[in-house]
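The structure appears below as structure tokens.
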Amino acid sequence: MKAIGIMTSVDVIVPCYNYGSMLEGCVQSILSQQGVAVRVFIVDDASSDETPEVGRRLARADLRVQYWRHSVNQGHINSYNEALARVTASYCVILSADDLLTPGSLLRATRVLEANPEAGLAYGRDIPFRDAPPVMGPFPRVCTHTIFDYRTFLERACRLGHTGIQAPSAIVRTSLHKAIGGYLVELPHSGDTEIWLRMAAGAPVVELHAEQSFRRLHSRSMSLTYSPLERLREQRRAFEIHFADVRDAHPEVADVVPIMCRTIAESAFWSAVRAFEAEQDDLCEAFLAFAVETDPGVADNPAWRRLRWKRRAGHAALRWLTPLARLRQATWA
Numbered sequence: 293m294k295a296i297g298i299m300t301s302v303d304v305i306v307p308c309y310n311y312g313s314m315l316e317g318c319v320q321s322i323l324s325q326q327g328v329a330v331r332v333f334i335v336d337d338a339s340s341d342e343t344p345e346v347g348r349r350l351a352r353a354d355l356r357v358q359y360w361r362h363s364v365n366q367g368h369i370n371s372y373n374e375a376l377a378r379v380t381a382s383y384c385v386i387l388s389a390d391d392l393l394t395p396g397s398l399l400r401a402t403r404v405l406e407a408n409p410e411a412g413l414a415y416g417r418d419i420p421f422r423d424a425p426p427v428m429g430p431f432p433r434v435c436t437h438t439i440f441d442y443r444t445f446l447e448r449a450c451r452l453g454h455t456g457i458q459a460p461s462a463i464v465r466t467s468l469h470k471a472i473g474g475y476l477v478e479l480p481h482s483g484d485t486e487i488w489l490r491m492a493a494g495a496p497v498v499e500l501h502a503e504q505s506f507r508r509l510h511s512r513s514m515s516l517t518y519s520p521l522e523r524l525r526e527q528r529r530a531f532e533i534h535f536a537d538v539r540d541a542h543p544e545v546a547d548v549v550p551i552m553c554r555t556i557a558e559s560a561f562w563s564a565v566r567a568f569e570a571e572q573d574d575l576c577e578a579f580l581a582f583a584v585e586t587d588p589g590v591a592d593n594p595a596w597r598r599l600r601w602k603r604r605a606g607h608a609a610l611r612w613l614t615p616l617a618r619l620r621q622a623t624w625a
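Residue 625, in our numbering, is where the sequence shown stops; the numbers in between run on with no holes.
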């Protein structure tokens, strides 16, 4: 039982690489959180913009802010793990410098986690935005929630092909993070998926029925630095690593492996369809090869056979045949 008057502590890690123009807004969204005791760890990964000036100014202005800078870029995974080693609060969050927390986000999450000490990870909905976060409110101080056991969370993730969690909305019990270890450097683009699956294997997961963060969409977003095919490859790899790690302790994962394979194979197939329609034939072929490699049964789909026919016909023939087919449908209607 927490003593009266003692607020729950949360350490928020803010990795920043050339997001100096967005850093202050991010940090202020943390410092303005009410009902919790926060600290902010700004990790400047050798930025070449105004990040050092902004980070040092924020640290001078508020003792709750710590700032340090790498002399050489170490990458976001190493930055995460370095900062996680310094965390001592009851809970921790990793919030990219281009994102923001919604008002009351940390209080809503920690209230649920404090009431459910068996749970280790909580997440909610995020609000995408581009130029400025939308004016919304008031945000509630409490929210309803759903708790998922490992099997349920894993099966949902396999059906999605990812966990369904957006990074800025996730908060973790620090004791769980310390117990399972840090992010895997071999998964630079799907490390979140793997570590959230690892957390779910260690403790129940809470889905908060509330908007917990603002997620910025912009051309410099890290998620845009790799292709959709690379993203699918890494998502599959994250699941494969997780399955290998937990198979002995959770032999039931064998039942959901085919679900994950079919989900990712179908995503690759429909990406192949879009690539074909854009006349990107090499990309189409790459997606199809990955789809069959992931789940050979995907080729039995009638849509696969239709795409195969279209590829054989060729783009020139389809440009001539498609208007005729539409005219025929209109005539019969």
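Cβ coordinates follow ideal geometry from the N, Cα and C atoms, glycine included. All values reported here derive from a predicted model rather than from experimental measurement.
query, result
"CA-CA distance, Tyr383 and Trp562?", "39 Å"
"Am I right that Leu398 and Ser321 are in contact with their C-beta atoms under 8 Å? What's the rounded C-beta distance?", "In fact, because the Cβ distance is near 10 Å, the residues do not count as touching under 8 Å."
"Ordered along the chain, which non-local residues of its own chain (more than five positions away) have a Cβ less than 8 Å from that of Gln572?", "none"
"Which stretch, first to last residue, makes up the alpha helix (DSSP H) that contains Gln320?", "312 to 323"
"Could you pull the start and end residues of the alpha helix (DSSP H) that Gln504 belongs to?", "Note, Gln504: premise wrong, no alpha helix (DSSP H); beta strand (DSSP E) at 497 to 508."
"Taking 8 Å as the threshold (C-beta atoms), are Ala459 and Ser388 in contact?", "yes"
"Between Ala338 and Asn365, which are expected to be in contact by the criterion C-beta below 8 Å, what is the C-beta distance as a whole number of angstroms?", "4 Å"
"Run through DSSP, which three-state label would His437 get?", "strand"
"So what does DSSP say about Asp573, is it helix, strand or coil?", "helix"
"Just to confirm my understanding: we take Arg529, look at its own chain, exclude 5 residues before and 5 after, and list those with CB closer than 7 Å. What are they?", "Leu479, Ser482"
"Measure the C-alpha to C-alpha separation of Asp484 and His368 and round it to an integer number of angstroms.", "12 Å"
"CA-CA distance, Val434 and Tyr442?", "25 Å"
"Just grab the DSSP bridge partners of Gln358 for me.", "Phe333"
"DSSP state of Val477, grouped into three classes?", "coil"
"Decide if Arg620 is buried, meaning its Cβ has at least 16 other Cβ atoms within 10 Å, or exposed.", "For Arg620, the predicted model reports a pLDDT of 48, less than 50, meaning its position is unreliable and no value from the coordinates is stated."
"Which same chain residues end up closer than 6 Å to Ser461 when comparing Cβ atoms and leaving out the 5 residues on each side of it in sequence?", "Tyr415, Gly416, Asp418, Gln504, Ser505"
"Which whole-angstrom value is the C-beta distance of Tyr372 and Tyr475, which I expect to be below 8 Å?", "5 Å"
"Counting only the same chain and skipping the five closest in sequence on each side, list residues whose C-beta sits under 7 Å from that of Glu526.", "Leu479, His481, Ser482"
"Report the partner residues of Ile472 according to the DSSP bridge assignment.", "Answer is none; Ile472 lacks a bridge partner."
"Taking the CB atoms as reference points, tell me whether Asp390 and Arg508 lie closer together than 8 Å.", "yes"
"Which residue or residues does DSSP assign as beta-bridge partners of Val379?", "In the DSSP output, where bridge partners are listed per residue, Val379 has none listed."
"If you drop the 5 nearest sequence neighbours on each side, which residues of the same chain put their C-beta closer than 8 Å to that of Ile551?", "Glu447, Cys450, Arg451"
"For Met299, tell me which candidate among Glu316, Gln326, Gly317 has the shortest Cα-Cα distance.", "Gln326"
"On the CB-based measure, 16 or more other CB atoms within 10 Å of its CB, does Trp488 come out buried or exposed?", "buried"
"Could you please give the first and the last residue of the uninterrupted alpha helix (DSSP H) stretch that includes Thr343?", "343 to 353"
"Counting only runs of 3+ residues fully inside the region 393 to 446, write out the beta strand (DSSP E) ranges in chain order.", "413 to 421, 437 to 440"
"In this structure, what does DSSP give as the bridge partners for Asp303?", "Arg331, Cys384"
"Report yes or no: do the region 404 to 415 and the region 342 to 352 share at least 3 C-beta pairs separated by less than 8 Å?", "no"
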